[in-house]
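Trainee: Quick note, the sequences are listed as chains A and B, same order.
Residue numbers are given in my numbering: position 617 of the first sequence equals residue 617, and the series is strictly consecutive.
Residue numbers are given in my numbering: position 1 of the second sequence equals residue 907, and the series is strictly consecutive.
Beta carbons are placed, not taken as given, at the ideal position from N, Cα and C, and that holds for glycine.
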Amino acid sequence: MNWLRELGRRLNMLLHRRQFDADLEEEMRLHLELRGEQQVESGVAANDASAAARRRFGNPTVLREKSRSAWGWEWLEDFFQDLNYGLRGMARSAGITVMALLSLALGIGANTAIFTLVDAVLLKSLPVNEPSQLVLFGNGLDEGISDGFPNRWLYSYPFYREMQKRNDVFSDVAAAFSMIDKVHGFVQGRSEAEPMNVQLVSGTYFPMLGVQPVIGRAITEVDDRTQGGHPAAMVSYAWWTHNLARDPSVLDKKLTLGSTSYSIVGVAPAEFFGTKVGESPDIWIPLSMQKEVPPGFDGYNDNLFESLHLMARLKPGVSNAQATAEANVLYQQILRGFSGVPLNKKTLRELDETHVELTSMATGFSRLRYMFSEPLKILMAVVGLVLLIACANIANLLLARSATRARELAVRQALGAGRSRLIRQLLTESLMLALAGGALGIAFASVASRLLLRMVSDGRMPLHLNVALDTRVLLFTVMVTLATALLFGTIPAFRSTRVQVTDSLKEGRGQTAGSSRGPLAKALVVLQVALSLVLLVGAGLFVSALMNLSNMDTGFNKENVIRLRVDPSSAGYKEDTRMENLYHQIEQRVSALPGVRAASFSIFTFNEGTWNNSVWVQGYPEGRRDVAVHHNAVGDGYFAAMGIPVLAGRTFGPQDSATSPKVGVIGETMARTLFPVGSPIGRHYGRGGPDHAGDIEVIGVVKDVKYNSLDEEQQPGDYLPYSQNVRYLNDFEVRYSGDSAAMVAAIRQAIHDVDFTLPVSDVTTLNEQVARSITNQRLVAQLSSFFGVLAVFLSCIGIYGLMSYVVSRRTNEIGVRMALGAEPADVLWLVMRESLWLAAVGTAIGVPVALASQGLVVSMLFGLRPYDPLTLVGAVVVLLGMAALAGYLPSRRASQIDPMISLRYQ
Amino acid sequence: MHRDEIPPGTLYLLILKTLARSGELHGYEIAESIQRISNEVLQVEEGSLYPALQRMLIKGWVTGTWGTTAGNRRARYYQLTAAGRKQLAVELSQFERVIGAVARVIEAV
Chain A
1 MNWLRELGRR LNMLLHRRQF DADLEEEMRL HLELRGEQQV ESGVAANDAS AAARRRFGNP
61 TVLREKSRSA WGWEWLEDFF QDLNYGLRGM ARSAGITVMA LLSLALGIGA NTAIFTLVDA
121 VLLKSLPVNE PSQLVLFGNG LDEGISDGFP NRWLYSYPFY REMQKRNDVF SDVAAAFSMI
181 DKVHGFVQGR SEAEPMNVQL VSGTYFPMLG VQPVIGRAIT EVDDRTQGGH PAAMVSYAWW
241 THNLARDPSV LDKKLTLGST SYSIVGVAPA EFFGTKVGES PDIWIPLSMQ KEVPPGFDGY
301 NDNLFESLHL MARLKPGVSN AQATAEANVL YQQILRGFSG VPLNKKTLRE LDETHVELTS
361 MATGFSRLRY MFSEPLKILM AVVGLVLLIA CANIANLLLA RSATRARELA VRQALGAGRS
421 RLIRQLLTES LMLALAGGAL GIAFASVASR LLLRMVSDGR MPLHLNVALD TRVLLFTVMV
481 TLATALLFGT IPAFRSTRVQ VTDSLKEGRG QTAGSSRGPL AKALVVLQVA LSLVLLVGAG
541 LFVSALMNLS NMDTGFNKEN VIRLRVDPSS AGYKEDTRME NLYHQIEQRV SALPGVRAAS
601 FSIFTFNEGT WNNSVWVQGY PEGRRDVAVH HNAVGDGYFA AMGIPVLAGR TFGPQDSATS
661 PKVGVIGETM ARTLFPVGSP IGRHYGRGGP DHAGDIEVIG VVKDVKYNSL DEEQQPGDYL
721 PYSQNVRYLN DFEVRYSGDS AAMVAAIRQA IHDVDFTLPV SDVTTLNEQV ARSITNQRLV
781 AQLSSFFGVL AVFLSCIGIY GLMSYVVSRR TNEIGVRMAL GAEPADVLWL VMRESLWLAA
841 VGTAIGVPVA LASQGLVVSM LFGLRPYDPL TLVGAVVVLL GMAALAGYLP SRRASQIDPM
901 ISLRYQ
Chain B
907 MHRDEIPPGT LYLLILKTLA RSGELHGYEI AESIQRISNE VLQVEEGSLY PALQRMLIKG
967 WVTGTWGTTA GNRRARYYQL TAAGRKQLAV ELSQFERVIG AVARVIEAV
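Okay, here's the thing in structure tokens:
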């Protein structure tokens, strides 16, 4: 406690500095007076008395300083003095300051913005109780319902119950449906169906996570006991805010999904977005209600309905390895003990080989991470380099300034300022610059991160990420800012205080030893050029990869197709003939609209996931199967609507109905792989086992298409008529000509003429959908181009600044040369040569670095040979061209020097 | 008359002891008192009293209050605190230990 009281006294002194100074002053004056009087009394002449008193007292100024420094606030006073001094200095050279601030703001802002996204996608812990204890079964990348047995990524509800019951390594186990149900439901008292994202969860989900609702109660085990018996819903804070305007009586409201009415039992806390990063469900409903929530999954008692993500909390003291061992033992026991599982030779072998991995769920899980972690890391590196280039620029500007300040610094050193004191002052100025830049950068970042989110959200699913600037991000920015201040401030500070005082004072105002700054400044410029080249090459590569992707043949014609979603499940339709008729009616009505060339329903168009399983071909020897085939259920007009060319046979027509023989249309690759000999038309295949090999007759062959991404290998696929495979179809696509907005309105009208309760959503175009599949690549290409150009621009400023400085330093020398007969062209070349030399050295260093770093991003470089020479040459040419331009301006100024004036310019 | 610099490190001790003996003193009185009692042998660079007093204020060994002198002038009077008394004991025993050791070294045959 002693030190605390002492600190109190020190602070008190700081707050009453004036009083303190006055007291000390008075005390010392009194002492001197008394001593003087005493001297007079003892017979010293009055004139000499005060001198004697002073002699005995010592140097009052030094003593005052000592007394004051005893309190330990010297540094603070110095700091304010430096601050004041720095501000005046910055105001004096406003141009340099603005330039430096702008590049810093851009650099720091870009770093902050990208980091915000990196943090949200990759780093942030789940806002739940002790997230580090949470584990996920598998990796969470698979979503959907699997009919492949055994599966170690998706689990059935009965499996979850068994695992929960039998284990003794987890304090609890919970399950969540692996997909969000996108339904259209009604808020009590409203007549309009609203889109709602529903997440089905086990009763243990919220208790296990330790998430406490802000209003009401969470869904718990009591809501998950009997199938269909618990119509309870928990809503997200965001949904409560947007749809109910934070109505405090939310617990009295009901929601209607399908034909069931749900009571809202609670509101989740604002920061809780679920467990999957990038998704944020509006409504949580217990898994016991899965059959009641459209589209009506029926897996509550189905041992084989593998559709859940399984998560658990480790008991304290249990390691991941222990838990994994136990989970695997139980996995085998549970699956082997299930009734109804196909335990044959093959599945038993597969079971033996299956090992379940428990992955940490501290930061949640996400496909998003899988998709974006590499682009984000690349972008982080890119903006880091840009900041480095900006720092080099500012270091050079400060060096230039300190060279012109050499005299001032020399004077101060001569007057007794210590070198450390001067370094401190220069660093304070750098810090001020950095902090101002950082503050501007944060403002810039808060806009940029929203923009970035919009750019990445352009993908298949809209992203729900929190990119608000929080303390973590601000901390990051502060660290970056301090690092930049050190980076660009240290070298100039040490360099410019290493002054030979007398030399500097002897030299005139115009001529100081400019050469001492030469090599360092040049090295900085060379570094900038090299880094910009690396960035430029990278940008070039990403752009050409993007162009390669965009020019890929998709197999279908993506122009002039509107694609939207009709949701009959939310309007109460079941997967039966009534729904099939609905689809037919809508297709007919829309096809009859003027300007419509074809219209069809289907499960998929492009980049919407897949439905694939193995098929058996009739006539193949037993065991020859195992070709995974992409299926799609489509309407009669699908191939016309998508513009997929028919190569042989026919496509579906009215003759293919529920009662007629089952038929299928296959793609080229499937025809080649499964029917290598002869025409596939009229041959048979089937799915679900060798017994089904005769199920489907091939009636046509169409051109191959891409299913999920533009860079995928060509894969086998088939199409089945939905009339023979009745199920909910997500996509409705219409090939049209004319105005798209009017067309969308007409299609909507036609659909509502058939049934006005049908929700229509997700209206887009096929073109857009293809573009969304390469969001990643576009994001990286666009941003890296932007930053590449910025880097080159900053480097040009670097070259320009250095050469301008050199020219102004050498005005005299150039004047002499011209007086001796040098032509302007000679002078021009003299200066140009130096800037080109710098650019050339930078390029020479940059090229191997660029080549080496290509290996790091090779997975992003679709369709490019490694070391793409065109991009490299292009980047070098652009960079040298820009460097020449930046060097030309000062060179021309040099060549226009009038020898008469320059020689007088001392 | 020859005057000796005070041994390094003993200034605090001298000030503390002086204050302990006399109660309240201002700076000039402390200087005078030290010189008088040491028979004018110990010479303090008088000004250096003040930084030392500041340090003692921070440590909380002394407090300073403004009062008036006999000559009716304003002066800051220093007074020992409880912590100051404790410190005096510490400094004293330290000083005696050092002096004792020095004495033993020079008296050893």
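Under 8 Å: do the region 91 to 108 of chain A and the region 771 to 785 of chain A share three or more Cβ pairs, one atom per stretch?
Mentor: In short, these stretches do not touch, since the Cβ pair count stays below three.
Trainee: Does Ala-995 (chain B) get closer than 8 Å to chain A when you measure Cβ to Cβ?
Mentor: Residue numbering aside, residue 995 (chain B) sits at position 89 when the second sequence is read from its first letter. Ala-995 (chain B) does not count as touching chain A.
Trainee: Please identify the residue among A:Leu-802, A:Ser-795, A:Leu-376 and A:Ala-852 whose C-alpha is closest to the C-alpha of Gly-881 (chain A).
Mentor: Within the first sequence, the letter at position 881 stands for residue 881 (chain A). Measuring from the Cα of Gly-881 (chain A), the nearest candidate turns out to be A:Ser-795.
Trainee: Secondary structure at Arg-683 (chain A), three-state DSSP: helix, strand or coil?
Mentor: Start at 1 with the first residue of the first sequence, and residue 683 (chain A) comes out as number 683. Reduced to three states, the DSSP call for Arg-683 (chain A) is coil.
Trainee: Examine chain B for any beta-carbon lying closer than 8 Å to the beta-carbon of Gln-511 (chain A), and answer yes or no.
Mentor: Position 511 of the first sequence, counting from 1, holds the residue named residue 511 (chain A). Since pLDDT at Gln-511 (chain A) reaches only 45, below the 50 mark, its modelled position is unreliable, and no value is offered.
Trainee: Would you kindly report the start and end of the unbroken beta strand (DSSP E) that includes Ser-260 (chain A)?
Mentor: Within the first sequence, residue 260 (chain A) is the residue found at index 260, counting from 1. Position check: residue 260 (chain A) holds Thr in this sequence, whereas Ser was assumed. Per DSSP, Thr-260 (chain A) belongs to the beta strand (DSSP E) from 260 to 267.
Trainee: Are the CB atoms of Leu-541 (chain A) and Asp-224 (chain A) within a distance shorter than 8 Å?
Mentor: For the purposes of this step, residue 224 (chain A) is taken as residue 224 along the first sequence, with counting starting at 1. For the purposes of this step, residue 541 (chain A) is taken as residue 541 along the first sequence, with counting starting at 1. Not in contact: Asp-224 (chain A) and Leu-541 (chain A) (Cβ atoms no closer than 8 Å).
Trainee: Assign Asp-181 (chain A) to one of three DSSP states: helix, strand, or coil.
Mentor: Taking the first sequence and counting its residues from 1, one reaches residue 181 (chain A) at position 181. Strand.
Trainee: Against Phe-57 (chain A), what residues of chain B qualify as contacts under a CB-to-CB distance less than 7 Å, listed in chain order?
Mentor: Within the first sequence, the letter at position 57 stands for residue 57 (chain A). Under the 7 Å cutoff, chain B gives Glu-952 and Gly-953.
Trainee: With DSSP collapsed to three states, give me the class of Ile-897 (chain A).
Mentor: Here residue 897 (chain A) corresponds to residue number 897 of the first sequence, with the count starting at 1. Looking at Ile-897 (chain A) - three-state DSSP - the assignment turns out to be coil, as it is neither helix nor strand.
Trainee: Quick one: what does DSSP say Ser-449 (chain A) is sitting in, helix, strand or coil?
Mentor: Reading the first sequence from its first residue, position 449 is the one you call residue 449 (chain A). Ser-449 (chain A): helix per DSSP, three-state reduction.
Trainee: Nearest to Leu-426 (chain A) by CA position, among A:Val-873, A:Glu-33 and A:Leu-83, is which residue?
Mentor: Counting from 1 along the first sequence, the entry for residue 426 (chain A) is found at position 426. It is A:Leu-83 whose Cα lies nearest to the Cα of Leu-426 (chain A).
Trainee: Closer than 8 Å, CB to CB, is Glu-74 (chain A) near chain B or not?
Mentor: Numbered from 1 along the first sequence, position 74 holds the residue referred to as residue 74 (chain A). Answer no: the Cβ-Cβ gap between Glu-74 (chain A) and chain B never drops below 8 Å.
Trainee: So the beta strand (DSSP E) Pro-195 (chain A) belongs to, where does it begin and stop?
Mentor: Looking up residue 195 (chain A) in the first sequence gives position 195. Residues 194 to 201.
Trainee: When you compare each of A:Leu-209, A:Thr-359, A:Val-698 and A:Ser-591 to Leu-136 (chain A) by their alpha carbons, which one comes out closest?
Mentor: For the purposes of this step, residue 136 (chain A) is taken as the residue at position 136 of the first sequence. Answer by Cα proximity: A:Thr-359.
Trainee: State the beta-bridge partners of Asp-147 (chain A) as determined by DSSP.
Mentor: In the first sequence, counting from the first residue as 1, residue 147 (chain A) sits at position 147. In the DSSP output, where bridge partners are listed per residue, Asp-147 (chain A) has none listed.
Trainee: Does the beta carbon of Arg-5 (chain A) come closer than 8 Å to any beta carbon on chain B?
Mentor: Start at 1 with the first residue of the first sequence, and residue 5 (chain A) comes out as number 5. Yes, Arg-5 (chain A) counts as interfacial toward chain B.
Trainee: Along chain B, in chain order, which residues have C-beta atoms closer than 8 Å to that of Trp-71 (chain A)?
Mentor: Counting from one through the first sequence, the residue named residue 71 (chain A) turns up at place 71. What Trp-71 (chain A) touches in chain B: Gln-960 and Ile-964.
Trainee: In chain order, which continuous runs of the beta strand (DSSP E) of length 3 or greater are located wholly inside the region 270 to 328 of chain A?
Mentor: 283 to 286 and 308 to 314, all fully within the region 270 to 328 of chain A.
Trainee: From the DSSP secondary-structure annotation, give me the bridge partner or partners of Gln-985 (chain B).
Mentor: Residue numbering aside, residue 985 (chain B) sits at position 79 when the second sequence is read from its first letter. Gln-985 (chain B) is bridged to B:Thr-969.
Trainee: Does the beta carbon of Tyr-934 (chain B) come closer than 8 Å to any beta carbon on chain A?
Mentor: Numbered from its first residue, the second sequence carries residue 934 (chain B) at position 28. Judged by the 8 Å Cβ criterion, Tyr-934 (chain B) is in contact with chain A.
Trainee: Please list, in chain order, all residues of the same chain as Ser-804 (chain A) whose beta carbon is under 7 Å from its beta carbon, the five residues on each side excluded.
Mentor: On the first sequence, residue 804 (chain A) is found 804 positions in, with the first residue counted as 1. Cβ neighbours of Ser-804 (chain A) beyond the five flanking positions: Pro-890.
Trainee: So the candidates are A:Pro-645, A:Ala-400 and A:Ile-666; which of them puts its Cα closest to the Cα of Ser-93 (chain A)?
Mentor: For the purposes of this step, residue 93 (chain A) is taken as residue 93 along the first sequence, with counting starting at 1. Considering only alpha carbons, the answer is A:Ala-400.
Trainee: Looking at the secondary structure, which residues open and close the alpha helix (DSSP H) in which Arg-597 (chain A) lies?
Mentor: Mapped onto the first sequence, residue 597 (chain A) falls at position 597. Note, Arg-597 (chain A): premise wrong, no alpha helix (DSSP H); beta strand (DSSP E) at 596 to 602.
Trainee: Quick check: is the beta carbon of Arg-991 (chain B) nearer than 8 Å to any beta carbon in chain A?
Mentor: Translated into the one-based positions of the second sequence, residue 991 (chain B) becomes position 85. No, because no Cβ of chain A sits closer than 8 Å to the Cβ of Arg-991 (chain B).
Trainee: In terms of DSSP beta bridges, what is Phe-732 (chain A) paired with?
Mentor: Along the first sequence, one-based indexing puts residue 732 (chain A) at 732. Answer is A:Leu-564 and A:Phe-601, bridged to Phe-732 (chain A).
Trainee: List, in chain order, every chain D residue whose beta-carbon is nearer than 9 Å to that of Leu-30 (chain A).
Mentor: Absent from the structure: chain D. Protein chains present are A and B.
Trainee: Considering only residues of the same chain and omitting the five flanking positions on each side of Val-467 (chain A), which have a CB-CB separation below 8 Å?
Mentor: Mapped onto the first sequence, residue 467 (chain A) falls at position 467. Closer than 8 Å at the Cβ level, and outside the excluded window around Val-467 (chain A), lie Thr-116, Leu-117, Ala-120, Ser-449, Arg-450, Leu-452 and Leu-453.
Trainee: For Ala-633 (chain A) and Ser-569 (chain A), I'd like the C-alpha separation in whole angstroms.
Mentor: The residue labelled residue 633 (chain A) in the question sits at position 633 within the first sequence. The residue labelled residue 569 (chain A) in the question sits at position 569 within the first sequence. Those two C-alpha atoms are separated by around 17 Å.
Trainee: What is the C-beta distance between Tyr-956 (chain B) and Leu-34 (chain A), in whole angstroms, given that I count them as a contact (C-beta under 8 Å)?
Mentor: Locating residue 956 (chain B) in the second sequence gives position 50, where the first residue counts as 1. Locating residue 34 (chain A) in the first sequence gives position 34, where the first residue counts as 1. Not a contact, Cβ separation roughly 14 Å.
Trainee: Strictly below 7 Å CB to CB, what residues from chain A border Tyr-918 (chain B)?
Mentor: Translated into positions along the second sequence, residue 918 (chain B) becomes position 12. The premise fails here: Tyr-918 (chain B) is roughly 13 Å from chain A at the closest Cβ pair, so nothing lies under 7 Å.
Trainee: Would you say Pro-957 (chain B) faces chain A, with C-beta separation under 8 Å as the test?
Mentor: Taking the first residue of the second sequence as 1, we reach residue 957 (chain B) at position 51. By this cut-off, Pro-957 (chain B) is an interface position.
Trainee: Could you compute how far the alpha carbon of Gln-227 (chain A) sits from the alpha carbon of Leu-475 (chain A)?
Mentor: Translated into positions along the first sequence, residue 227 (chain A) becomes position 227. Translated into positions along the first sequence, residue 475 (chain A) becomes position 475. If I take the Cα positions, the gap works out to 49 Å.
Trainee: Strictly below 7 Å CB to CB, what residues from chain B border Ser-67 (chain A)?
Mentor: Taking the first residue of the first sequence as position 1, residue 67 (chain A) is located at position 67. Going along chain B in sequence order, the residues near Ser-67 (chain A) (Cβ under 7 Å) are Tyr-956, Pro-957 and Gln-960.
Trainee: I want to know whether the region 418 to 434 of chain A touches the region 482 to 492 of chain A - three or more CB-CB distances under 8 Å.
Mentor: Enough Cβ pairs lie closer than 8 Å, so yes.
Trainee: So what's Asp-911 (chain A) in DSSP terms, helix, strand or just coil?
Mentor: Outside the displayed span of chain A (1 to 906) sits residue 911 (chain A), for which this structure offers no information.
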